[in-house]
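S.K.:
Residue numbers (the numbering used here): 1 to 422.
#1: Is the distance from the Cβ of residue 319 to the Cβ of residue 306 below 8 Å?
#2: With DSSP as the reference, label residue 419 as helix, strand or coil.
#3: Just how far apart, CA to CA, sit residue 17 and residue 134?
#4: Roughly how many angstroms lie between the CA atoms of residue 406 and residue 361, to the nearest whole one?
#5: Out of curiosity, what's the CA-to-CA distance linking residue 260 and residue 266?
#6: Take the Cβ of residue 340 as the centre, count every other Cβ of all protein chains shown within 10 Å, and call the residue buried at 16 or more, exposed below.
#7: To the nearest angstrom, how far is it from the Cα of residue 476 to the Cα of residue 234?
#8: Start and end of the alpha helix (DSSP H) containing residue 378?
#9: Please confirm whether residue 350 and residue 374 have their CB atoms less than 8 Å apart.
#10: Just how far apart, CA to CA, sit residue 80 and residue 113?
#11: What's the gap between the Cα of residue 411 and the Cα of residue 206?
#12: Would you mind reading off the limits of the alpha helix (DSSP H) that contains residue 319?
#13: Taking just the CA atoms, how far does residue 217 sit from residue 429?
#14: In terms of residues, what are the limits of the alpha helix (DSSP H) holding residue 133?
#15: Identify the residues that DSSP records as bridge partners of residue 356: which are they?
#16: Residue 315 and residue 352 - do their beta-carbons sit closer together than 8 Å?
#17: Please classify residue 252 as buried or exposed, where buried requires at least 16 other C-beta atoms within 10 Å of its C-beta.
#18: Have a look at residue 348 and residue 110 and give me their C-alpha separation to the nearest angstrom.
#19: In the structure shown, what three-state DSSP assignment does residue 260 receive?
#20: I'd like to know if the region 73-89 and the region 167-186 are in contact, where contact means that at least 3 CB-CB pairs between them fall below 8 Å.
#21: If you measure between the beta carbons of residue 396 and residue 372, is that distance less than 8 Å?
#22: From residue 304 to residue 297, what distance separates their C-alpha atoms?
#23: When you compare only the Cα positions, how much space is there between residue 398 and residue 198?
#24: Helix, strand or coil for residue 251 per DSSP?
#25: With respect to the alpha helix (DSSP H) encompassing residue 337, which residues constitute its N-terminal and C-terminal limits?
#26: Between the Cα of residue 281 and the Cα atoms of 299, 256, 255, 248, which residue gives the shortest distance?
#27: Where does residue 19 land, buried or exposed, given buried means 16+ other C-beta within 10 angstroms?
#28: Find the nearest neighbour of residue 26 within the set 108, 91, 118, 125, judged by alpha-carbon distance.
#29: Of the residues 257, 222, 258, 229, which one's Cα is nearest the Cα of residue 294?
#30: If you check the beta carbons only, do residue 143 and residue 175 fall under 8 Å apart?
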């Protein structure tokens, strides 16, 4: 049977990572020894010469710690990654290789001050702990192997002596216990060092949350852009494929109805019905394409696209569009969708006689106001993804704001603000 098969888990567990943890602590000792050597050089060369050298001996080590802080941080991150398998992320917005101005920024920043605390306090303390671990490993190994030392070393008494044998057994047991405790200590020190490094060398909790929010916002923006690009692709495919086939079908049916005059009445009725269905299908497909992403929006912009929407409605719409510059395609598509869907709802539900649409671009925001003189009572908290709730979700996907005031008896005012980069 293999030794590990019957070895108790409680005994085996600390020794599994003890070697790696000890190597990690030894690397920390080497780093701190190098730092100590740099700090000691000014004292070795300048202090015996004159009193002014004391100032140099104080200033130079301090400057070395400050200037070498970013380099020391990179070295420590490498130690954690290579020796312990722990990745300590770098704080956002902090240069890893700062220049002269970067050092000043590093010192003034919260991450820089945290890193300095690690290098001045935590690093040396962990190095001392590593030295203690090495001493305890040596002492435990020596005590556990006391019988071997007695056999190979010429002593005046023999191992077989009963009194000495009992004492040596105690020493051996104590050595094994010390090895076991040292393994736990090495693993514990490595874990504590890693925890301190994540807290001081890495981003703080607030910075990590800020980074996650930024990542989520970027990811959401990517999803929105991808969905908008997919809608444009579907619109092009429908316009160039199915729509053209339906138009050709309607034309052929119209020609057949006009040229084939000797057809039976039943056949003529079938052709008339097919011709009418084809034209209705073309009309519905046109509405669908305009709802996805109209070609005029991409070709001529928001003003022309909204003018087309207003012209197709059965009620008068006063449209005012004032743009300093053309918004991004995503914001433009959201604005078009909001105005188009809101006006469609006005026609279907509001029983209004007129509507007003105002679109203005000021100070990096695209403001949209849609007003009608209908009966009011619109509920923006409907089923998610439909109606006004769906519009609110569409606006929120680009970090916009959506509000709806619709008292009973009207008027209804829908206000939307969309971010529009200057």
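Think of the CB as a built atom: it goes at the ideal place given N, C-alpha and C, for glycine as much as any other residue.
M.R.: On the basis of the coordinates in this document:
#1: The residue given as residue 319 occupies position 319 in the chain shown. The residue given as residue 306 occupies position 306 in the chain shown. Taking the C-beta atoms as reference points, residue 306 is found nearer than 8 Å to residue 319.
#2: On the chain shown, residue 419 is found 419 positions in, with the first residue counted as 1. DSSP places residue 419 in strand when its eight states are reduced to three.
#3: Within the chain shown, residue 17 is the residue found at index 17, counting from 1. Within the chain shown, residue 134 is the residue found at index 134, counting from 1. Distance from the CA atom of residue 17 to the CA atom of residue 134, rounded to whole angstroms, is 15 Å.
#4: Within the chain shown, residue 406 is the residue found at index 406, counting from 1. Within the chain shown, residue 361 is the residue found at index 361, counting from 1. Going from the Cα of residue 406 to the Cα of residue 361 covers about 25 Å.
#5: Start at 1 with the first residue of the chain shown, and residue 260 comes out as number 260. Start at 1 with the first residue of the chain shown, and residue 266 comes out as number 266. Taking the straight line from one Cα to the other gives about 13 Å.
#6: What you label residue 340 is simply residue 340 of the chain shown in a count that begins at 1. Residue 340 is buried by the Cβ-count criterion.
#7: As displayed, the chain neither begins before 1 nor continues past 422, which places residue 476 out of reach and without an answer.
#8: Looking up residue 378 in the chain shown gives position 378. First-last for residue 378: undefined, no H or E at that position.
#9: As a working mapping, residue 350 is identified with position 350 in the chain shown. As a working mapping, residue 374 is identified with position 374 in the chain shown. Yes; because the gap between Cβ atoms is below 8 Å, this pair is in contact.
#10: Against the chain shown, residue 80 aligns to sequence position 80. Against the chain shown, residue 113 aligns to sequence position 113. So the alpha carbons of these two residues sit roughly 20 Å apart.
#11: As a working note, residue 411 is residue 411 in the chain shown. As a working note, residue 206 is residue 206 in the chain shown. Straight-line spacing of the CA atoms in residue 411 and residue 206 works out to 44 Å.
#12: Counting from 1 along the chain shown, the entry for residue 319 is found at position 319. Counted as a single uninterrupted DSSP element, the stretch harbouring residue 319 is not any alpha helix (DSSP H) but the beta strand (DSSP E) occupying residues 317-322.
#13: Shown here, the chain extends from 1 to 422; a query on residue 429 therefore has no answer.
#14: To locate residue 133, count along the chain shown from 1; it is residue 133. Segment 123-144, the alpha helix (DSSP H) holding residue 133.
#15: Locating residue 356 in the chain shown gives position 356, where the first residue counts as 1. BP columns for residue 356 point to 318, 371.
#16: Residue 352 sits at position 352 when you count from the first residue of the chain shown. Residue 315 sits at position 315 when you count from the first residue of the chain shown. When the beta-carbon positions are compared, residue 352 and residue 315 come within less than 8 Å of each other.
#17: Locating residue 252 in the chain shown gives position 252, where the first residue counts as 1. It is exposed - the Cβ of residue 252 has fewer than 16 other Cβ atoms within 10 Å.
#18: In the chain shown, the residue the question calls residue 348 occupies position 348. In the chain shown, the residue the question calls residue 110 occupies position 110. Approximately 57 Å between the Cα atoms of the pair.
#19: Mapped onto the chain shown, residue 260 falls at position 260. Correct three-state label for residue 260: coil.
#20: no
#21: Start at 1 with the first residue of the chain shown, and residue 396 comes out as number 396. Start at 1 with the first residue of the chain shown, and residue 372 comes out as number 372. No, the Cβ-Cβ distance between residue 396 and residue 372 is not below 8 Å.
#22: The sequence position of residue 304 within the chain shown is 304, counting from 1. The sequence position of residue 297 within the chain shown is 297, counting from 1. Counting only the Cα atoms, residue 297 lies some 7 Å from residue 304.
#23: Here residue 398 refers to the residue found at position 398 when the chain shown is read from its first residue. Here residue 198 refers to the residue found at position 198 when the chain shown is read from its first residue. The straight-line gap from Cα to Cα measures roughly 33 Å.
#24: Numbered from its first residue, the chain shown carries residue 251 at position 251. DSSP places residue 251 in helix when its eight states are reduced to three.
#25: Position 337 of the chain shown holds residue 337. From DSSP, the alpha helix (DSSP H) with residue 337 extends over 329-345.
#26: As a position in the chain shown, residue 281 is number 281, starting the count at 1. The shortest C-alpha separation from residue 281 is found at 248.
#27: Here residue 19 refers to the residue found at position 19 of the chain shown. Residue 19 comes out exposed.
#28: Residue mapping note: residue 26 aligns to position 26 of the chain shown, counting from 1. Comparing Cα positions, the closest option is 125.
#29: As a working mapping, residue 294 is identified with position 294 in the chain shown. Among 257, 222, 258, 229, the Cα nearest to that of residue 294 is on 229.
#30: Within the chain shown, numbered from 1, the residue matching residue 143 stands at position 143. Within the chain shown, numbered from 1, the residue matching residue 175 stands at position 175. For residue 143 and residue 175, yes; Cβs fall inside 8 Å.
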